[in-house]
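Each residue of the sequence shown is one higher than the one before, starting from 6 at the first, in my numbering. Glycine residues also receive a C-beta, built at the ideal position from the N, C-alpha and C atoms. Encoded as structure tokens, the structure appears first; notes follow it.
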Amino acid sequence: MVKCRNKWLVERASITSKVRAFFSERDFLEVETPLLVPSPGLDVHLNAFELASDQAARYLSTSPEYQMKRLLAEGYERIVQVCKCFRQGERGGRHNPEFTMVEWYRSQSGVESVIADTEVLVRTLTNGRVHILDDDLVVDTASPFLRMTVATAFSRYAATVEDEMLRLAEHDEDRYFRLFVENVEPALERFTQPVFLTDYPKTQASLAREKPTDDRYAERFELYLGGVELCNGFGELTDASEQRKRLVRDQQTRRSSGLPVYPIDERFLSSVAALPPCAGNALGLDRLVALACGTREIARVLAFSIDEL
6 MVKCRNKWLV
16 ERASITSKVR
26 AFFSERDFLE
36 VETPLLVPSP
46 GLDVHLNAFE
56 LASDQAARYL
66 STSPEYQMKR
76 LLAEGYERIV
86 QVCKCFRQGE
96 RGGRHNPEFT
106 MVEWYRSQSG
116 VESVIADTEV
126 LVRTLTNGRV
136 HILDDDLVVD
146 TASPFLRMTV
156 ATAFSRYAAT
166 VEDEMLRLAE
176 HDEDRYFRLF
186 VENVEPALER
196 FTQPVFLTDY
206 PKTQASLARE
216 KPTDDRYAER
226 FELYLGGVEL
236 CNGFGELTDA
246 SEQRKRLVRD
256 QQTRRSSGLP
266 VYPIDERFLS
276 SVAALPPCAG
286 NALGLDRLVA
296 LACGTREIAR
306 VLAFSIDEL
């Protein structure tokens, strides 16, 4: 396969410039946080690269979330970062161990504000239309994006009622994710409009807060465009005690699963108690560039993928 390297790298540079302009026009401060961190996060489904150090263990960042939230706690109100992130085992058509993230946060805002940012950003960068050449799918990004709860998606596409979906999410996560990957995501791939998947079970909350109106769910959303998961956003958890419980639970799960157990970042945890109401989103820039160029394969819009090194 010949990569149209010149064409797509030029498009990538243009889109990256437009991302920065988009946030600058909305009074976001672009920040840079360290890539080498004391804890890469404890998400059970992410594994980090550990680097040799003459002091305590250090890891390549899987996300700038911890350090950006520390900045929010210090009083910064709108911040954005375009940065490299690193995750072991991330390899395939839509994955690379090293990838580029656009991550932003709004202080004194709720999750709806960040959802609105996301919709306008994607619409702007795709000029209202995505044509995925691989299967001749045209996705309309000019019209308002669709919304669907996780419960509705499981009911429609995985023949799983809400109570059963919630039970699986809490007690049989492997089955929950299998239904999601084998039934829900393929259905979303056929949509001709982007769709926000919202209201994840609270057991899938990660660093999101529970929904005030229904504590079975979290204020978490993902955006799917042409079946590609573009982002993962939260109404952010600001309860330090609850955050510690979740991190300890994640450590226990990693330990029992035979996975590396990363330390809790105590400086991050201290900052959670000082967080104002806020919301944030992490969007995969490589995936968005690929879609804008008419493909789901991110290797085509990277200067060099892991397999070319």
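Three-state secondary structure assigned by DSSP to residue i
i	result
Val42	strand
Ile20	helix
Thr5	The structure shown does not extend to residue 5, since the chain is modelled only from 6 through 314, so no value can be given for it.
Glu313	helix
Thr129	helix
Leu51	coil
Leu274	helix
Ile137	strand
Phe33	coil
Leu212	coil
Leu307	coil
Glu318	Since the first and last residues shown for the chain are 6 and 314, residue 318 lies out of range.
Residue i: first and last residue of the uninterrupted alpha helix (DSSP H) it sits in
i	result
Leu252	245–261
Gln72	70–78
Phe159	155–162
Leu290	290–297
Leu65	That residue, Leu65, is in no alpha helix (DSSP H); its beta strand (DSSP E) goes 63–65.
Spatial neighbours of residue i in its chain, beta-carbon cut-off 6 Å, leaving aside the 5 residues before and after
i	result
Thr154	Thr203, Asp204
Pro281	Ser112, Gln113
Met6	For Met6, the predicted structure reports a pLDDT of 44, less than 50, and the residue's modelled location is therefore unreliable. A value from the coordinates is still provided. Nothing listed; no residue qualifies.
Arg31	none
Ser44	Tyr267, Pro268, Asp270
Integer-rounded CB distance, given that residue j should sit under 8 Å from residue i
i	j	result
Pro199	Val144	7 Å
Leu235	Ala213	Not really, about 17 Å apart at Cβ, beyond 8 Å.
Leu300	Leu138	The sequence as given places Thr at residue 300; Leu does not occur at that position. Yes, they are in contact, since the Cβ atoms of Thr300 and Leu138 sit about 6 Å apart, within 8 Å.
Neighbourhood of residue i by C-beta distance below 8 Å, restricted to the same chain and skipping five residues each side
i	result
Glu103	Lys89, Cys90, Phe91, Ile311
Leu252	Leu47, Ile269, Leu274
Pro39	Ser66, Gln72
Chain D contact for residue i (CB, 8 Å cutoff)
i	result
Ala57	The structure shown has no chain D; it contains just one protein chain.
Opening and closing residue of the beta strand (DSSP E) in which residue i lies
i	result
Val107	103–112
Val234	In the sequence as displayed, the identity of residue 234 is Glu instead of Val. Looking at the DSSP string, the run of the beta strand (DSSP E) that includes Glu234 is 233–240.
Asp145	142–145
Val85	83–91
Same chain only: Cβ atoms within 7 Å of residue i, ignoring 5 sequence neighbours per side
i	result
His100	none
Fully enclosed by the stretch 167–207, which beta strand (DSSP E) runs are 3 residues long or longer? Runs of the beta strand (DSSP E) inside the stretch 167–207: 200–206.
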